[in-house]
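Working notes for the structure below.
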Amino acid sequence: MQPPDFDAMYAADPDPWNVRDSWYERRKEAVVLALLARERYAHAWDAASGTGDLALALSRRCERVTASDASARAVALTRDLLSDASASVVVNALPEVPPLAEAPDLVVLAEVLYYLPEADRIRALDAVAAAARPSAELVVVHWRHHPDDAFLAGAAATEEADGVLRERGWERVVWHDDRHFVAASWVRP
Ligand SMILES: C[S@@+](CC[C@H](N)C(=O)[O-])C[C@H]1O[C@@H](n2cnc3c(N)ncnc32)[C@H](O)[C@@H]1O
Numbered sequence: 004m005q006p007p008d009f010d011a012m013y014a015a016d017p018d019p020w021n022v023r024d025s026w027y028e029r030r031k032e033a034v035v036l037a038l039l040a041r042e043r044y045a046h047a048w049d050a051a052s053g054t055g056d057l058a059l060a061l062s063r064r065c066e067r068v069t070a071s072d073a074s075a076r077a078v079a080l081t082r083d084l085l086s087d088a089s090a091s092v093v094v095n096a097l098p099e100v101p102p103l104a105e106a107p108d109l110v111v112l113a114e115v116l117y118y119l120p121e122a123d124r125i126r127a128l129d130a131v132a133a134a135a136r137p138s139a140e141l142v143v144v145h146w147r148h149h150p151d152d153a154f155l156a157g158a159a160a161t162e163e164a165d166g167v168l169r170e171r172g173w174e175r176v177v178w179h180d181d182r183h184f185v186a187a188s189w190v191r192p
């Protein structure tokens, strides 16, 4: 199976998942923002920023944001949206890590792990853990079902991340599991 051509998706529609209008997407963003343990962060990395809406919301809680995405078109959309924020917006495909001005204390993986094959999913989690501050918080969220073009269901991808991270010594702080999405956060003790 090949991952989808995200650039082609953004070329056909600049908001392919209807982030601006769908209640699912707006509620998902609100829940992600609500589960963050701290009010303020020094540096958040949104590692699959898509349209940039979540990165923009994070920028209001952070001194600095790095937003990256594998799609150059998504990066252009994010860059436009974050033009007034203290943000660095770059093309980067996980499990690679983009240049980071400083180690992030918040990393968000929103609806991206299920688009990576298994070995890359594990590599991405390890790369994020290595790039983040020891005190960092890590958030993973996915639509709980199995998109036709993804490697696995979001619930399974989030459970897999939970297993890998806990094996590596991360402690789970939040586990939000409802009919539509699964969101979780971890810290290192
Ligand atoms: C379903 S969208 C989610 C976008 C955004 N995180 C959100 O929740 O609204 C999936 C995004 O992941 C990006 N993506 C897919 N594979 C990626 C990878 N290996 N590294 C970084 N981004 C990737 C796509 O380009 C797309 O923007």
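Numbered according to this note's numbering, the sequence shown spans residues 4 to 192.
Ideal placement from N, C-alpha and C gives every residue a C-beta, glycine not left out.
Residue environment, residue i, which counts as buried when at least 16 other CB atoms sit within 10 Å
i: Arg63; result: exposed
i: Trp48; result: buried
i: Asn217; result: Because the chain is modelled from 4 through 192, residue 217 falls outside the range shown and cannot be assessed.
i: Arg169; result: exposed
i: Arg86; result: Here the sequence assigns Ser to residue 86, which means Arg is not the residue at that position. Exposed is the call here.
i: Asp90; result: Residue identity check: residue 90 is Ala in the sequence provided, not Asp. Buried is the call here.
i: Glu66; result: exposed
i: Arg41; result: exposed
i: Ala133; result: exposed
i: Ala14; result: exposed
i: Trp189; result: buried
Under 8 angstroms between C-beta atoms of residue i and residue j
i: Ala127; j: Pro107; result: no
i: Trp173; j: Arg191; result: yes
i: Ala88; j: Ala73; result: no
i: Ala31; j: Val144; result: According to the sequence provided, residue 31 is Lys. The question's Ala does not apply to it. Cβ atoms of Lys31 and Val144: closer than 8 angstroms.
i: Pro6; j: Met12; result: no
i: Arg124; j: Ala160; result: yes
i: Ala75; j: Asp10; result: yes
i: Glu140; j: Leu109; result: yes
i: Glu105; j: His46; result: yes
i: Leu38; j: Val167; result: no
Check: residue i C-beta below 7 angstroms from any heavy atom of ligand 1
i: Ser62; result: no
i: Phe9; result: yes
i: Tyr27; result: no
i: Ala52; result: Before going further, note that residue 52 is Ser rather than Ala in the sequence given. Ser52 Cβ: within cutoff of ligand 1.
i: Val93; result: no
i: Leu36; result: no
i: Val100; result: no
i: Val110; result: no
i: Tyr44; result: no
i: Val22; result: yes
Whole-Å CB distance - residue i paired with residue j, under 8 angstroms assumed
i: Val92; j: Ala60; result: 15 angstroms between Cβ atoms; not a contact.
i: Ala187; j: Asp152; result: Their Cβ separation, rounded to whole angstroms, is 23 angstroms, which puts Ala187 and Asp152 out of contact at 8 angstroms.
i: Val68; j: His179; result: With a Cβ gap of about 23 angstroms, Val68 and His179 do not count as contacting.
i: Val111; j: Val94; result: Actually they are not in contact, since the Cβ atoms of Val111 and Val94 sit about 17 angstroms apart, beyond 8 angstroms.
i: Pro98; j: Ala130; result: 5 angstroms
i: Arg55; j: Leu80; result: According to the sequence displayed, residue 55 carries Gly and not Arg. 6 angstroms between Cβ atoms; contact.
i: Phe154; j: Met4; result: 6 angstroms
Cutoff 8 angstroms: residue i Cβ touching any chain D Cβ
i: Val142; result: No chain D appears in the structure shown, which is made up of a single protein chain.
Legend entry - Segment contact flag, the stretch 112-123 with the stretch 33-51, C-beta cutoff 8 angstroms, min 3 pairs: Between the stretch 112-123 and the stretch 33-51, the count of C-beta pairs closer than 8 angstroms reaches three or more; the two stretches touch.
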